[in-house]
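Top line first, the protein sequences correspond to chains W and E. Per our numbering, the very first residue in the first sequence carries number 3; after that it's consecutive. Per our numbering, the very first residue in the second sequence carries number 373; after that it's consecutive. Beneath this line is the structure, given in structure tokens, with notes to follow.
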Amino acid sequence: MPAKRIIACLDVKNGRVVKGVRFEGLRDAGDPATCALQYCREGIDELVMLDVSATLEGRLASLQTVERISSEIDIPLTVGGGVRGEDDAIAILDAGADKVALNTAAVAEPAVLQRLASRYGSQCIVLSIDARRVNGGYQVATRSATQTTGQDALQWARIGAALGAGEILLTAIDRDGTLKGFDLALIADFSRALDVPLIASGGARNADSFADALAAGADAALAASVFHDGLLSVAAVKQRCRERAIGVRP
Amino acid sequence: MSVGILALGAANSRSLVHALRRAGADAVILERPEQLPAIGALVLPGVANVGYLIQELDRGNWRTPLLAAIGNGLPTLGICAGFQLLCTRSEEAPELPALGIFCGTVTKLRGEKIPHMGWSRAEATTSAFESGWAYFAHSYAPPAALRETLAITQCGAAFASAAGTGNVIGVQFHPERSGEYGARLLQRLVRMAREPIHAG
Numbered sequence: 003m004p005a006k007r008i009i010a011c012l013d014v015k016n017g018r019v020v021k022g023v024r025f026e027g028l029r030d031a032g033d034p035a036t037c038a039l040q041y042c043r044e045g046i047d048e049l050v051m052l053d054v055s056a057t058l059e060g061r062l063a064s065l066q067t068v069e070r071i072s073s074e075i076d077i078p079l080t081v082g083g084g085v086r087g088e089d090d091a092i093a094i095l096d097a098g099a100d101k102v103a104l105n106t107a108a109v110a111e112p113a114v115l116q117r118l119a120s121r122y123g124s125q126c127i128v129l130s131i132d133a134r135r136v137n138g139g140y141q142v143a144t145r146s147a148t149q150t151t152g153q154d155a156l157q158w159a160r161i162g163a164a165l166g167a168g169e170i171l172l173t174a175i176d177r178d179g180t181l182k183g184f185d186l187a188l189i190a191d192f193s194r195a196l197d198v199p200l201i202a203s204g205g206a207r208n209a210d211s212f213a214d215a216l217a218a219g220a221d222a223a224l225a226a227s228v229f230h231d232g233l234l235s236v237a238a239v240k241q242r243c244r245e246r247a248i249g250v251r252p
Numbered sequence: 373m374s375v376g377i378l379a380l381g382a383a384n385s386r387s388l389v390h391a392l393r394r395a396g397a398d399a400v401i402l403e404r405p406e407q408l409p410a411i412g413a414l415v416l417p418g419v420a421n422v423g424y425l426i427q428e429l430d431r432g433n434w435r436t437p438l439l440a441a442i443g444n445g446l447p448t449l450g451i452c453a454g455f456q457l458l459c460t461r462s463e464e465a466p467e468l469p470a471l472g473i474f475c476g477t478v479t480k481l482r483g484e485k486i487p488h489m490g491w492s493r494a495e496a497t498t499s500a501f502e503s504g505w506a507y508f509a510h511s512y513a514p515p516a517a518l519r520e521t522l523a524i525t526q527c528g529a530a531f532a533s534a535a536g537t538g539n540v541i542g543v544q545f546h547p548e549r550s551g552e553y554g555a556r557l558l559q560r561l562v563r564m565a566r567e568p569i570h571a572g
């Protein structure tokens with residue numbers, strides 16, 4: 003078993019890091035490459051860059067921003083946002099991403115996961131699922147959480163993994179940016195039912211909230227606001243994880 | 373010193389170009405076998421399905437000149453699927469013979485969650501290699517019992533996370549994304565790099 007991972011997410015819009023609440027009300031949080039390098043030095047295990055307006059603006063994530071971040075860091079970088087198919091995924095990888103995250107495009111055409119995995123291997127393909135709580139269950143939302151598809155989120159995760167996604171990035175929309183803690187029941191459900199690694203996202207609050215998510219079964223816990231706003235240091239999160247006997251990288 | 377990257381259509385060559393630059397080398401993406409004599413060291417990178425890599429290797433007529441260059445002492449580093457390409461064959465594409473420099477069959481991992489994704493310890497089995505935290509992202513791996521194993525890592529069972537013989541090293545982790553531990557390995561390759569046989 004690898005160490006449990008703490009991941010910082012850079013939500014990028016127009017070349018700047020932004021952060022909102024439940025995907026709305028975006029505000030500026032800095033330069034992406036500067037933030038990335040800072041997190042790297044603080045001991046973050048991995049970075050995710052999501053171009054949050056790409057899908058809605060009908061374009062691909064900013065390749066220039068990917069290239070700038072990639073050239074600065076010596077830890078893995080996953081990139082998502084506006085990936086419409088294979089060509090976009092290849093462009094993102096060529097720009098310096100180590101893994102590519104698909105969301106809306108995979109829902110529209112699930113076979114794209116299989117095609118990408120057969121060329122690059124599953125370990126390179128992340129299926130990003132935005133799950134919205136509807137009538138006591140969780141449904142898949144797409145297009146930066148502006149549309150709900152009616153599809154059961156866990157069922158979609160299992161199909162995605164069977165098609166070749168090597169990792170599931172699960173965002174609980176109702177917790178995004180709220181600082182209410184991760185959705186532990188959702189995480190436990192997914193972790194039990196999946197045999198690929200699970201990244202939990204949405205709701206990070208304090209160091210204990212990360213430890214809670216990892217103890218509930220997530221292989222990695224991702225956050226944006228708490229790190230960007232300086233509410234929490236990576237070192238403090240890892241220290242608390244160690245105190246709670248959760249294996250993390252020193 | 374120039375280090376050639378034989379990308380064969382695999383992903384993430386850019387990460388590697390940047391990491392080699394940080395290690396003090398100029399990296400060139402190789403496009404034709406004729407470029408092999410002009411490089412001081414070679415990297416076989418690795419975000420790919422190994423069957424895809426083998427097919428690209430033969431489609432571009434790389435196999436013979438590559439084996440000749442490695443046999444002639446070219447310092448070579450195989451990363452992830454690039455390491456697997458240096459083994460005999462892989463369960464991922466059993467019908468396709470790989471390069472066979474390390475004698476062993478790459479097998480599917482049997483850990484609790486596959487791919488093995490994230491940071492694990494590479495534990496050196498010889499004083500000629502260094503132990504450390506490294507970043508892994510793979511579903512297949514060479515066996516721990518390769519004759520040339522330098523380090524092992526646990527995922528379900530142990531596998532070879534590094535192997536080496538003479539001028540060839542293979543690592544299952546990603547040195548370009550493994551912090552300072554990975555950077556030291558790339559620096560080692562750059563130090564091993566030799567003057568090119570023919571200029572240009």
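Glycine is no exception: its CB is placed at the ideal position from the N, C-alpha and C atoms. Here the structure is a predicted model, which means the values were calculated and not measured.
DSSP three-state label for residue i, please.
i	result
residue 547 of chain E	helix
residue 466 of chain E	coil
residue 100 of chain W	coil
residue 562 of chain E	helix
residue 7 of chain W	strand
residue 375 of chain E	strand
residue 45 of chain W	coil
residue 15 of chain W	strand
residue 71 of chain W	helix
residue 237 of chain W	helix
residue 203 of chain W	strand
residue 146 of chain W	coil
residue 455 of chain E	helix
residue 158 of chain W	helix
residue 496 of chain E	strand
residue 167 of chain W	coil
residue 477 of chain E	strand
Measuring only the C-alpha atoms, how far is residue i from residue j?
i	j	result
residue 488 of chain E	residue 509 of chain E	6 Å
residue 572 of chain E	residue 430 of chain E	Reliability fails at residue 572 of chain E, whose pLDDT of 37 lies under 50, so the model's placement of it is uncertain and the value that follows must be treated cautiously. Taking the straight line from one Cα to the other gives about 25 Å.
residue 237 of chain W	residue 247 of chain W	15 Å
residue 544 of chain E	residue 221 of chain W	20 Å
residue 479 of chain E	residue 462 of chain E	6 Å
residue 570 of chain E	residue 560 of chain E	In this predicted model, residue 570 of chain E has a pLDDT of only 45, less than 50, meaning its place in the structure is not dependable enough to derive any value.
residue 205 of chain W	residue 212 of chain W	10 Å
residue 143 of chain W	residue 234 of chain W	29 Å
residue 125 of chain W	residue 228 of chain W	28 Å
residue 244 of chain W	residue 437 of chain E	50 Å
residue 151 of chain W	residue 495 of chain E	46 Å
residue 393 of chain E	residue 162 of chain W	36 Å
residue 535 of chain E	residue 519 of chain E	8 Å
residue 418 of chain E	residue 403 of chain E	16 Å
residue 199 of chain W	residue 434 of chain E	35 Å
residue 391 of chain E	residue 138 of chain W	47 Å
residue 115 of chain W	residue 166 of chain W	6 Å
Of the choices the options, whose alpha-carbon is the least far from that of residue i?
i	options	result
residue 531 of chain E	E/400, E/429, E/522	E/522
residue 449 of chain E	E/476, E/529, E/413	E/413
residue 482 of chain E	E/438, E/388, E/513	E/513
residue 501 of chain E	E/533, E/486, E/528, E/517	E/533
residue 50 of chain W	W/26, W/79, W/106, W/37	W/79
residue 169 of chain W	W/182, W/123, W/145	W/123
residue 11 of chain W	W/199, W/244, W/179	W/179
residue 120 of chain W	W/88, W/7, W/160	W/88
residue 216 of chain W	W/232, W/91, W/54, W/186	W/186
residue 467 of chain E	E/444, E/525, E/422, E/395	E/422
residue 191 of chain W	W/156, W/173, W/210	W/156
residue 224 of chain W	W/103, W/193, W/172	W/172
residue 62 of chain W	W/33, W/76, W/95	W/95
residue 71 of chain W	W/56, W/92, W/40, W/86	W/40
residue 146 of chain W	W/127, W/174, W/193	W/174
residue 66 of chain W	W/108, W/14, W/76, W/26	W/14
How would you list, in chain order, the residues of chain W whose beta-carbon sits under 8 Å from the beta-carbon of residue i?
i	result
residue 554 of chain E	76
residue 437 of chain E	Within 8 Å Cβ-Cβ: nothing; residue 437 of chain E doesn't reach chain W, min ~24 Å.
Buried or exposed: which applies to residue i, given that a residue is buried once 16 or more other Cβ atoms fall within 10 Å of its Cβ?
i	result
residue 207 of chain W	buried
residue 105 of chain W	buried
residue 43 of chain W	exposed
residue 239 of chain W	buried
residue 444 of chain E	exposed
residue 464 of chain E	buried
residue 557 of chain E	buried
Below 8 Å on C-beta distance, what does residue i contact in chain E?
i	result
residue 34 of chain W	Per Cβ cutoff of 8 Å: no residues; residue 34 of chain W is ~15 Å from chain E at best.
residue 221 of chain W	485, 489, 490
Check the Cβ of residue i against every Cβ in chain W and list those closer than 9 Å, keeping chain order.
i	result
residue 391 of chain E	76
Run through chain W and tell me which residues come within less than 7 Å of residue i, C-beta to C-beta.
i	result
residue 508 of chain E	4
residue 551 of chain E	76, 77
Counting only C-beta atoms, is residue i closer than 7 Å to chain B at any point?
i	result
residue 95 of chain W	Looking at the structure shown, chain B is missing, and the protein chains on hand are W and E.
Going along chain E, which residues have a C-beta under 7 Å from residue i?
i	result
residue 11 of chain W	Those do not exist, as residue 11 of chain W stays about 16 Å from chain E at its closest Cβ, beyond 7 Å.
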